[in-house]
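Converting from the sequence shown to this note's numbering requires adding 26 to each position, the first position being numbered 1.
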Amino acid sequence: MTTSPSVPQTTSAYRHTPGRTRWVALSVLVLAILLVAVDATVLFLAIPFISQSLDPSSTQLLWIGDSYSFVLAGLLVSMGSLSDRIGRKRLLLIGTAAFGAASLLAAYAPGAGWLIAARALLGVAGATIMPSTLSLIRNLFPDDRERARAIGIWGAAATAGAAAGPLLGGLLLEHFWWGSVFLINIPIVVLLLVLGWHVLPESKDRNAGAWDLLSVGLSLVGIIGVVYAVKEAAVGNALEPAVIVAAVLGVVCLVWFVRRQLRLPVPLLDVRLFADRRFTAAALGALIALIGLAGVVFFLSQYFQLVRGYSPLQAGLADLPAFAGSVVGGLTAAYLARRFGNRITLSGGLLAMGLGLGALGWVHAETSYLLVAVAFMATGLAEGIVYALSTTIVLGSAPESKAGAASAVSETAYELGTALGIALVGSVLAAVYRSGLVLPAGVSGSAAAEAENSIGGAVHIAATLPTATGDALLDSARNAFVQGMNLAAMLAGLLLIGASVLVWALLRGTRTAGEGSGDLSADASPSELRKAA
Numbered sequence: 027m028t029t030s031p032s033v034p035q036t037t038s039a040y041r042h043t044p045g046r047t048r049w050v051a052l053s054v055l056v057l058a059i060l061l062v063a064v065d066a067t068v069l070f071l072a073i074p075f076i077s078q079s080l081d082p083s084s085t086q087l088l089w090i091g092d093s094y095s096f097v098l099a100g101l102l103v104s105m106g107s108l109s110d111r112i113g114r115k116r117l118l119l120i121g122t123a124a125f126g127a128a129s130l131l132a133a134y135a136p137g138a139g140w141l142i143a144a145r146a147l148l149g150v151a152g153a154t155i156m157p158s159t160l161s162l163i164r165n166l167f168p169d170d171r172e173r174a175r176a177i178g179i180w181g182a183a184a185t186a187g188a189a190a191g192p193l194l195g196g197l198l199l200e201h202f203w204w205g206s207v208f209l210i211n212i213p214i215v216v217l218l219l220v221l222g223w224h225v226l227p228e229s230k231d232r233n234a235g236a237w238d239l240l241s242v243g244l245s246l247v248g249i250i251g252v253v254y255a256v257k258e259a260a261v262g263n264a265l266e267p268a269v270i271v272a273a274v275l276g277v278v279c280l281v282w283f284v285r286r287q288l289r290l291p292v293p294l295l296d297v298r299l300f301a302d303r304r305f306t307a308a309a310l311g312a313l314i315a316l317i318g319l320a321g322v323v324f325f326l327s328q329y330f331q332l333v334r335g336y337s338p339l340q341a342g343l344a345d346l347p348a349f350a351g352s353v354v355g356g357l358t359a360a361y362l363a364r365r366f367g368n369r370i371t372l373s374g375g376l377l378a379m380g381l382g383l384g385a386l387g388w389v390h391a392e393t394s395y396l397l398v399a400v401a402f403m404a405t406g407l408a409e410g411i412v413y414a415l416s417t418t419i420v421l422g423s424a425p426e427s428k429a430g431a432a433s434a435v436s437e438t439a440y441e442l443g444t445a446l447g448i449a450l451v452g453s454v455l456a457a458v459y460r461s462g463l464v465l466p467a468g469v470s471g472s473a474a475a476e477a478e479n480s481i482g483g484a485v486h487i488a489a490t491l492p493t494a495t496g497d498a499l500l501d502s503a504r505n506a507f508v509q510g511m512n513l514a515a516m517l518a519g520l521l522l523i524g525a526s527v528l529v530w531a532l533l534r535g536t537r538t539a540g541e542g543s544g545d546l547s548a549d550a551s552p553s554e555l556r557k558a559a
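Here you go:
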């Protein structure tokens, strides 16, 4: 393996790390990303059970789904920078232990508010794990091609974890209460703490400077404030005083954060990285991709269970084509980028995602599952390519000493996109559902309110009504839900197609590490790339 002389190592440990040791360390980092990825999706199939057990409002239900991602996204930049300062291995192990404790709190939550708070604590812990895994990969694999391969494996593991979440959740929900979906984190936490302590080498940026607490607060308040305002505006509360205050406060904090980073001698996040169009294109591509994908996948789990009548395990199996496609996409992203160039591969992946999501706009209750599976697999394949390649570009565009901060930008885009996707797509679906739901005679008062709150509420109320009335409510609720899901899927598809055009424009004429040798540009021809390889 060759090491680029132009990029200094942050510690001497990596200069002398044998190849086999690097790949063993990668396997431990894969275990860490599995932990976070499983938790991101294991909750999806439990939503109907949580709706019945904790009786959350529609807003609380969305917060249960996205509080984890909101907090995680708000802290990733700060924690990525902290890992550069105190050590990436140290922060990863601290975060892992905290993740286990928060999982226990979530498993035994007595109410919706408790569960939301526990999910937020899981986000805090997850924010210490995710950038540490990527920054360690950045330091373990200084060679562009090896790093691209390692990130592909890392991305495939993240997708495999996301796929395992619904399957494990479905198995547990067949036999246990909904809180059991969080307890599957505990064995992974224990294994990761033991292996990580013995296998992972430590690394840090020895010239990182002090950790600026004001910048930490500004980034956290700014991201959460803006995302909260967007979320509430999407459900028609844009003119509410609290929403206006959150929006203004969030924007002011983010502007202040950027200005402060430009003045600090050692910033928490070097915002000048965004002057590189490769960096910006990759971060925006990942963000928009997840906005479109996350919300649709989140509500398809409810579609499978509450519209098609699948059991939790059947719904988990129904999600598999998307995740299987993502694993393949992540593993082949590096090859495709070398063969066709980053510009064609990344923008093409976004376009394919848009078409796949848009196809779900024509799904109804009686649609053949085979058609849904094909659209799912194509979308997942494209998502795996986009996720792995955008991460590779972000890390390759940043100095190695800032690996933690650069990793945090990539993961912030991923988690912020997930949170916004659930909020925005969910808000569109909820609005269409409420407007399309027709309550049969005899359903009024608190029963009507619960049925209008969510399709899970309608299913619960229908079970308490006379057969004819209950069937009429179920038919109306399922039709309204499918209409909302169709519109949300088509809007998500259009968003992804727009992102493809944006990335194509941003990457025009740029040079990106890992596409080949020499000075090949991002839009070099396939024949030039083959010669260089």
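Even glycine gets a Cβ: it sits at the ideal position worked out from N, Cα and C. Predicted model, so just to flag it, every value in this text is computed and none were measured.
Residue i versus residue j - alpha carbon distance
{"i": "Ala-378", "j": "Gly-191", "result": "25 Å"}
{"i": "Gly-222", "j": "Gly-496", "result": "53 Å"}
{"i": "Ala-477", "j": "Cys-279", "result": "39 Å"}
{"i": "Val-292", "j": "Trp-237", "result": "9 Å"}
{"i": "Ser-423", "j": "Met-105", "result": "20 Å"}
{"i": "Val-256", "j": "Ile-448", "result": "12 Å"}
{"i": "Val-284", "j": "Gly-276", "result": "12 Å"}
{"i": "Gly-149", "j": "Ala-467", "result": "44 Å"}
{"i": "Val-451", "j": "Asp-65", "result": "20 Å"}
{"i": "Ser-158", "j": "Leu-60", "result": "14 Å"}
{"i": "Leu-517", "j": "Arg-48", "result": "43 Å"}
{"i": "Leu-102", "j": "Leu-465", "result": "44 Å"}
{"i": "Ala-550", "j": "Ala-99", "result": "At Ala-550, the pLDDT of 41 sits below 50, so the modelled position is not reliable; the number obtained from the coordinates is stated separately. Each residue's Cα considered, the two are about 34 Å apart."}
{"i": "Ala-439", "j": "Val-469", "result": "43 Å"}
{"i": "Gly-121", "j": "Lys-115", "result": "10 Å"}
{"i": "Ala-123", "j": "Leu-339", "result": "29 Å"}
{"i": "Leu-108", "j": "Leu-117", "result": "8 Å"}
{"i": "Leu-198", "j": "Gly-113", "result": "36 Å"}
{"i": "Gln-287", "j": "Ala-312", "result": "23 Å"}
{"i": "Ser-547", "j": "Asp-169", "result": "Legend: pLDDT at Ser-547 = 39, less than 50; position of this residue unreliable, no value from coordinates given."}
Beta-carbon gap between residue i and residue j smaller than 8 Å
{"i": "Ile-155", "j": "Ala-309", "result": "no"}
{"i": "Val-253", "j": "Leu-446", "result": "yes"}
{"i": "Gly-443", "j": "Ala-307", "result": "no"}
{"i": "Gly-178", "j": "Ala-359", "result": "yes"}
{"i": "Gly-380", "j": "Gly-519", "result": "yes"}
{"i": "Glu-228", "j": "Leu-319", "result": "no"}
{"i": "Phe-330", "j": "Ala-350", "result": "no"}
{"i": "Val-508", "j": "Val-333", "result": "yes"}
{"i": "Ala-348", "j": "Gly-406", "result": "yes"}
{"i": "Ile-163", "j": "Gln-328", "result": "no"}
{"i": "Gly-482", "j": "Ser-83", "result": "no"}
{"i": "Gly-196", "j": "Ala-404", "result": "no"}
{"i": "Ala-128", "j": "Ala-144", "result": "yes"}
Extent of the continuous alpha helix (DSSP H) run through residue i
{"i": "Asp-501", "result": "493–532"}
{"i": "Ala-72", "result": "That residue, Ala-72, is in no alpha helix (DSSP H); it is neither H nor E in DSSP."}
{"i": "Tyr-413", "result": "395–423"}
{"i": "Pro-293", "result": "From DSSP, Pro-293 is part of no alpha helix (DSSP H); its letter is neither H nor E."}
{"i": "Asn-479", "result": "471–479"}
{"i": "Ala-143", "result": "138–166"}
{"i": "Thr-490", "result": "Element bounds for Thr-490: n/a, residue is neither H nor E."}
{"i": "Tyr-361", "result": "346–366"}
{"i": "Ser-206", "result": "206–209"}
{"i": "Arg-116", "result": "114–133"}
Buried versus exposed call for residue i [16 or more other C-beta atoms within 10 Å across all chains shown]
{"i": "Pro-492", "result": "exposed"}
{"i": "Gly-137", "result": "exposed"}
{"i": "Glu-172", "result": "buried"}
{"i": "Ala-264", "result": "exposed"}
{"i": "Ala-564", "result": "With the chain running from 27 to 559 in the structure shown, residue 564 is simply not present."}
{"i": "Trp-89", "result": "buried"}
{"i": "Ala-385", "result": "buried"}
{"i": "Leu-299", "result": "buried"}
{"i": "Thr-490", "result": "exposed"}
{"i": "Ala-494", "result": "exposed"}
{"i": "Phe-202", "result": "exposed"}
Pick from the options that is closest to residue i, judged by C-alpha positions
{"i": "Trp-282", "options": "Arg-504, Leu-265, Ala-320, Val-242", "result": "Val-242"}
{"i": "Gly-375", "options": "Pro-82, Tyr-413, Ser-327", "result": "Tyr-413"}
{"i": "Ser-161", "options": "His-486, Arg-286, Leu-55", "result": "Leu-55"}
{"i": "Ala-473", "options": "Asp-302, Asp-110, Ser-461, Ala-488", "result": "Ala-488"}
{"i": "Leu-499", "options": "Leu-513, Ala-484, Gly-510", "result": "Ala-484"}
{"i": "Arg-111", "options": "Val-50, Leu-295, Val-274, Ser-129", "result": "Leu-295"}
{"i": "Leu-421", "options": "Ser-352, Ala-174, Tyr-336", "result": "Ala-174"}
{"i": "Ala-514", "options": "Val-269, Leu-290, Tyr-459", "result": "Tyr-459"}
{"i": "Ser-373", "options": "Ala-531, Ser-453, Trp-140, Pro-168", "result": "Ala-531"}
{"i": "Leu-11", "options": "Phe-96, Gly-382, Ala-63, Val-50", "result": "Nothing about residue 11 can be read from this structure; the chain reaches only from 27 to 559."}
{"i": "His-390", "options": "Gly-367, Ile-419, Met-511", "result": "Met-511"}
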